[in-house]
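Report on the following structure.
Residue numbers (our numbering): 8 to 155.
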C-alpha cells in the first residue's frame, strides 16, 4: 500500500507542480493577489463579493516567505491538490483498498481537480475540507453504529 501511496503522490505532484507559474495570473488570481497585498499592508477589509478571508490567511505565509510571485500564490493550492489526490485512500476502510487506490489515481489525474490545484482560488481548499468532512462523518457514523 505504501508503494501505491508514494506513486500516487509523485504523479499528483508532478502534474500539479510542473510549470506551476504558467499560464500567467488570470483575472481572479490577480484580484486575490491584490486583496492579499492589502492584508500585508494592514488595510484588509472583508468584501463579500470575494468570499471570506480564509484564502488570504492561508496564502499569507507562502507569499511572505517566498516573495510575491505566481509561484508563491499557487504553491499552497498545488500542495493541497496533492493532499486531495490522497484523500480517497482514507476511505479504504469503507470501500476497500483496491477501490480507494483507483479513486486516488482518478483524482490525481483528473483534469478539473488538477486545474483547481494550479490556480490561486479557494476551490481546492473547499474540496479538501469537504472530502475530510465526509470522511469524518463516516467515521462518526461507524463509531455510533458500533456503540449500539
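Even for Gly, the Cβ is constructed at its ideal location relative to N, Cα and C.
Simplified DSSP state of residue i, which is helix, strand or coil
i, result
"residue 23", "helix"
"residue 9", "helix"
"residue 36", "helix"
"residue 53", "coil"
"residue 59", "coil"
"residue 101", "helix"
"residue 148", "helix"
"residue 45", "helix"
"residue 77", "helix"
"residue 137", "helix"
Test item: CB-CB of residue i and residue j under 8 Å
i, j, result
"residue 51", "residue 38", "no"
"residue 127", "residue 84", "yes"
"residue 62", "residue 132", "yes"
"residue 115", "residue 40", "no"
"residue 27", "residue 125", "yes"
"residue 105", "residue 58", "no"
Neighbourhood of residue i by C-beta, 8 Å cutoff - its chain only, sequence neighbours within 5 removed
i, result
"residue 6", "Here the chain covers residues 8 to 155 and nothing more, so residue 6 does not appear."
"residue 5", "In the structure as shown, the chain begins at 8 and stops at 155. Residue 5 is therefore absent and cannot be evaluated."
Proximal residues to residue i (C-beta, below 6 Å), its chain only, five neighbours per side dropped
i, result
"residue 46", "63"
Same chain only: Cβ atoms within 7 Å of residue i, ignoring 5 sequence neighbours per side
i, result
"residue 2", "The first residue shown for the chain is 8 and the last is 155, placing residue 2 beyond what the model contains."
"residue 11", "108"
Item to complete: Mind the definition here: the stretch 72-83 touches the stretch 99-116 only if three or more C-beta pairs lie below 8 Å; say whether that holds.
Response: no
Fill in: Unbroken stretches of the alpha helix (DSSP H), 4 residues or longer, contained in the stretch 84-134
99-102, 104-116 and 118-124
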